[in-house]
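Down below is the structure, laid out as structure tokens.
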Amino acid sequence: MTAPRIPTELIAPAFNPATFGIGKREVIDQLFTRLRKDYPLAVAEVPGYDPHWIVTKYDDIREITRQDAIFHSADRSKTLASQLAEQLMRNYTGGLPTIFKTLVHMDDPEHAEHRAVTQPHFYPQAIAKLEPQIRETARRYIDEFLAKGQGADFATELAFRYPAEIVLSLIGVPKQDHQKMLDLTHWLFTYADPDLCRPGANITDPQEIIKTWDIVYNEFKSYYESMIHARQQCPVNDLTSVIANGKIGGCPMNERNMISYLVIASTAGHDTTSATTAMGMWTLAENPDIFRKVRDQPSLIPGFVEETIRWTSPVQQFVRSATEDYVLRGQQIRKGDLLYLSYVSGNRDEDAFPEPFRFDPERSPNRHIGFGYGPHICLGQHLARLEMKILWEELLPRLASVEMAAPGKFAESEFVCGPKSVPINYTLA
Amino acid sequence: MNTQPYLKYQCILCGEIYDEELGVPEFNIAPGTRWADVPEDWLCMACGAPKSEYVLLED
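Sequences listed follow chains A and B, in order. The letter at position 383 of the first sequence is residue 383 when you use the numbering used here, and the numbering goes up by one with no holes. The letter at position 25 of the second sequence is residue 25 when you use the numbering used here, and the numbering goes up by one with no holes.
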């Protein structure tokens, strides 16, 4: 059986971060719509990259991601990486596929053991107890944003900062360090975006991503080392204390894993929520009918939040490697093959979502895969939902109307991608 | 008729809660469906974990 091949000129743009910054990702939407139709599961052979199966269908992504033993996360780069980048990384780390060893980069039993350290703190019943402080934070950010007046950028002034403050406070990072954490997050996830990348980074250099990851890892390491030691001596009520004193198989967690745990919490713990929140406002500003409907019926807010997650799909892709031969959608996947899982495609799959390109806050069911699926599903999903629900509950009653003050802009990133600018004009209620 | 109070079960992988009183009508599990009557091949709606990964949620 010969694996179907995607024409290189068709798939290559999906390997380029700049493509994701065009308009409202319509090039990406058109590309994956074509793939779902003509190449739902086929191989991409893009020069400079190992071949990847491009997985575009919702059911296939779910089938893969609920079988962690067959489709590994730790053997190769977890995100799309060129052959050169992978080689540089292995040279740099002494043979490992990545500098970081976060939950995202682990397989079982390591993954389950590490996840269990913090999992109870992210269950809905634990998150619900945070509601008063989240609501207070939301009100403060809304007051500050509205004080900036017309044309203020909802993405940079509110959506970037509000979820960061909440999760960083839970981790135990003092407010004066939140901007540093935001910058490191952008350097890591939007390393190729000219507005968000590390200052001075040469984004045309293939070694740049390795250099940036190294800098980011060491910045976090130097920041969290002393905090970890302090919390081991004297635990307080924060996530750093939980991680610093976490036990794996009865032994302390190793330092690299501890730092990585805090890195993922300090970055992925807010960046995807920021992207989704910014996209939510962009959607409201361009669709006054949806704005009025959700504002006038607060009971629609949870559905609105779910639809913004599906619509935004901030994590564009993860890559898995097959540990054994496997037949998927009639295609023979071979042991060692790489599979690029397109979450934005899965969340636009016509077979899973009727009228997938219609934003519908009343969509039901709406079992999107914006948080992933399977044992690696987003640890912070319940926190993200609550943060967004409270923000819209507090903000929408204060607005009579909203519109874009200038065109919005998407970040140039093939990994975590969302709006980087959403300037708005509004009238107060 | 079963007069026992309705119980809740939670997926230990993702935190999703199954509430017997509510069921999951969107997936054809009617309100009032006891956990024991949920099909054994049922998967967690959120993360796809098998039914065996759910535990009784104590108050």
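Just so you know, even glycine gets a beta-carbon here, dropped at the ideal spot from N, CA and C. Values in this document were obtained by computation on a predicted structure and should not be read as measured data.
Close CB contacts of LEU103(A) within its chain, under the 8 Å cut and outside five residues either way in sequence, are with HIS111, HIS114, ARG115, TYR261, ILE264, HIS376 and LEU379 (chain order). In the displayed model, PHE122(A) falls within a helix according to three-state DSSP. Where ARG320(A) is concerned, there is no enclosing alpha helix (DSSP H), although the beta strand (DSSP E) around it starts and stops at 317-322. Assignment of ILE54(A) by DSSP, reduced to helix, strand and coil, places it in the strand class. Interface flag for ALA46(B) against chain A is set, since a Cβ pair is found closer than 8 Å. Rounded to whole angstroms, the separation of the alpha carbons of LEU182(A) and PRO40(A) is 36 Å.
Taking every protein chain shown into account, the CB of LEU56(B) has fewer than 16 other CB atoms within 10 angstroms, so this residue is exposed.
Annotation for ARG25(A): VAL344, PHE410 and CYS417 place their beta carbon closer than 8 Å to its own, counting only its chain and skipping 5 residues before and after. Taking all protein chains in view, the Cβ of PRO397(A) is surrounded by fewer than 16 other Cβ atoms within 10 Å, so the residue is classified as exposed.
For ALA138(A), the enclosing alpha helix (DSSP H) begins and ends at 131-147. Secondary structure at TYR49(A): coil, using DSSP grouped into helix, strand and coil. In the DSSP assignment, GLN30(A) falls within the alpha helix (DSSP H) that extends over 26-38. Contact of GLY374(A) with chain B by beta-carbon distance below 7 Å involves CYS47 and GLY48. Assignment of TYR18(B) by DSSP, reduced to helix, strand and coil, places it in the strand class.
Among the residues facing chain B, HIS382(A) is included, as its CB has a counterpart in that chain under 8 Å away.
In this structure, LEU300(A) is the residue among ALA322(A), LEU300(A), HIS105(A) and GLY346(A) with its C-alpha nearest to the C-alpha of PRO361(A).
For ILE17(B), the chain A residues whose C-beta falls within less than 8 Å of its own C-beta are PRO124, listed in chain order. The region 278-285 of chain A makes no contact with the region 176-190 of chain A, as fewer than three CB pairs between them are under 8 Å. In chain order, TYR162, GLU165 and ILE166 place their CB closer than 7 Å to the CB of THR137(A), counting only its own chain and leaving out the 5 sequence neighbours on each side.
Taking CB atoms only, GLU26(B) has a neighbour in chain A less than 8 Å away. Given a length threshold of 3 residues, each whole run of the beta strand (DSSP E) inside the region 332-394 of chain A is given here in chain order: 338-342. Within the region 339-371 of chain A, SER364, PRO365 and ARG367 place their CB atoms closer than 7 Å to a CB of chain B, listed in sequence order. CA-to-CA, the gap between ASP143(A) and PHE154(A) works out to about 12 Å.
Close CB contacts of PHE27(B) within its chain, under the 6 Å cut and outside five residues either way in sequence, are absent. ARG66(A) and GLY374(A) do touch by the CB rule: their CB atoms are close to 4 Å apart, below 8 Å. GLY372(A) and GLY269(A) have their alpha carbons spaced roughly 14 Å apart. DSSP places VAL327(A) in the uninterrupted beta strand (DSSP E) bounded by 326-328.
Nearest to ASP289(A) by C-alpha distance, out of ILE259(A), SER401(A), PHE318(A) and MET253(A), is SER401(A).
Sixteen is the threshold: when 16 or more other Cβ atoms of the shown chains lie within 10 Å of the Cβ of ASP349(A), as they do, the residue is buried. Within chain B, LEU13, CYS14, ALA46 and CYS47 have C-beta atoms less than 8 Å from the C-beta of ILE377(A), given in sequence order. Not one beta carbon of chain B lies nearer than 8 Å to the beta carbon of ARG310(A).
Taking CB atoms only, ARG385(A) has no neighbour in chain B less than 8 Å away. In its chain, beyond the 5 residues on either side, HIS382 have a beta carbon closer than 8 Å to the beta carbon of TYR123(A). When the alpha-carbon of LEU96(A) is set against those of ILE203(A), SER73(A) and GLY330(A), the nearest one is in SER73(A). Along the region 45-66 of chain A, going in chain order, the ones with a CB nearer than 7 Å to a CB of chain B are ARG62 and ARG66. Apart from the 5 residues on each side of it in sequence, TRP42(B) sits with its Cβ closer than 7 Å to the Cβ of LYS51 in its chain, given in chain order.
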